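As structure tokens, the structure follows; a few thoughts come after it.
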Amino acid sequence: MAATTASIKFSLQHRDLDRLYAEKKKNSQLLSTSFCSSFLVSQPAFGVTVLRKNCSPVMASIFPFSRKKDIQIAKEELLEAIAPLDRGADASPDDQGRVDMIAQQLENLCPIKDTVASPLVNGKWELLYTTSSSILKKERPKLLRPGGPIYQAINNDTLRAQNLETWPFFNQVTANLTPLSGKRVAVKFDVFKIAGLISIKAPERARGELEITFVDEELRISRGSEGNLFVLRMVDPSYRVPT
Numbered sequence: 001m002a003a004t005t006a007s008i009k010f011s012l013q014h015r016d017l018d019r020l021y022a023e024k025k026k027n028s029q030l031l032s033t034s035f036c037s038s039f040l041v042s043q044p045a046f047g048v049t050v051l052r053k054n055c056s057p058v059m060a061s062i063f064p065f066s067r068k069k070d071i072q073i074a075k076e077e078l079l080e081a082i083a084p085l086d087r088g089a090d091a092s093p094d095d096q097g098r099v100d101m102i103a104q105q106l107e108n109l110c111p112i113k114d115t116v117a118s119p120l121v122n123g124k125w126e127l128l129y130t131t132s133s134s135i136l137k138k139e140r141p142k143l144l145r146p147g148g149p150i151y152q153a154i155n156n157d158t159l160r161a162q163n164l165e166t167w168p169f170f171n172q173v174t175a176n177l178t179p180l181s182g183k184r185v186a187v188k189f190d191v192f193k194i195a196g197l198i199s200i201k202a203p204e205r206a207r208g209e210l211e212i213t214f215v216d217e218e219l220r221i222s223r224g225s226e227g228n229l230f231v232l233r234m235v236d237p238s239y240r241v242p243t
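When the letters of the sequence shown are read in order and numbered with the working numbering, they come out as residues 1 to 243.
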């Protein structure tokens, strides 16, 4: 009788262990699915949603070392994609969709929640790529477009920003910033400078918003109030915007 009771207890224990193992396996599968689904990215140019085939970077990003590696890979992929696009002027709709998809990968990996207050934002950044037609001026002949580097500078301690064109126009504009959230600021332009010489007060309607969606020591991704994408590279972290 005692042997029979012990046999029943042993059988029940094994059944409980099997049940716990099955639940653990199910939870593990759910965790994997949830991390993969967070890498669903929308491509507005095509009106479709695409899931990356390789979900391992998303799952690996829960570990700081792996996240850094994922960020570096995505940055290299982004820089390679935009290199032949002349700041975006030569980008086709397919190019724009691919660049936006890679940018979203970096935005999802950004470890900084409050990017507006991050010291990494401060300094002068060179514009590498944008979808903004007002900056690219693609409707003009190439000789009448900005030919030299274009910069944007931000100082979050003074809440000041500046856009600077170089050759051939040397136009500038400065602005005051008002934080709206940890990633977004309102932008109020105050002074335009034509050819680096003639100062003109900006009209009251010269306003906008800027969202800083990714930043590290080398690269910044921002999105404007009209949905435009900006990719910039740090060139001078010590630069100060005129007050």
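Backbone N, C-alpha and C fix where the C-beta goes; we use that ideal spot for every residue, glycine too.
Keep in mind it's a predicted model, so treat the numbers as computed, not measured.
Continuous beta strand (DSSP E) stretch holding residue i: start and end
i    : result
A161 : R160 to E165
F170 : From DSSP, F170 is part of no beta strand (DSSP E); its letter is neither H nor E.
A153 : I150 to N155
R87  : Where R87 is concerned, there is no enclosing beta strand (DSSP E), given that its DSSP letter is neither H nor E.
Euclidean distance between Cα positions of residue i and residue j
i    : j    : result
L143 : P168 : 9 Å
Y239 : Y151 : 11 Å
D70  : L109 : 8 Å
T243 : L164 : 15 Å
P149 : L136 : 12 Å
R145 : F170 : 12 Å
L180 : K193 : 27 Å
N122 : E209 : 18 Å
D95  : R140 : 21 Å
L159 : R184 : 12 Å
6 Å CB neighbourhood of residue i in its chain, flanking five on each side removed
i    : result
K113 : G182
Q105 : A74
F214 : L106, E107, C110 and I221
S132 : N228
Same chain only: Cβ atoms within 8 Å of residue i, ignoring 5 sequence neighbours per side
i    : result
L128 : L79, I82, R87, V231, L232 and R233
Residue i vs residue j beta-carbon contact at 8 Å
i    : j    : result
R207 : K188 : yes
L248 : D100 : Outside the displayed span of the chain (1 to 243) sits residue 248, for which this structure offers no information.
N156 : A195 : no
E126 : V241 : no
D190 : T174 : yes
E217 : L120 : yes
I212 : T115 : yes
In DSSP terms, what residue i is bridged to
i    : result
V241 : Its beta-bridge partners do not exist; DSSP assigns none.
K188 : N176 and R207
D236 : K124
Segment limits, alpha helix (DSSP H) that includes residue i
i   : result
S66 : P64 to I82
Proximal residues to residue i (C-beta, below 7 Å), its chain only, five neighbours per side dropped
i    : result
P237 : N122 and G123
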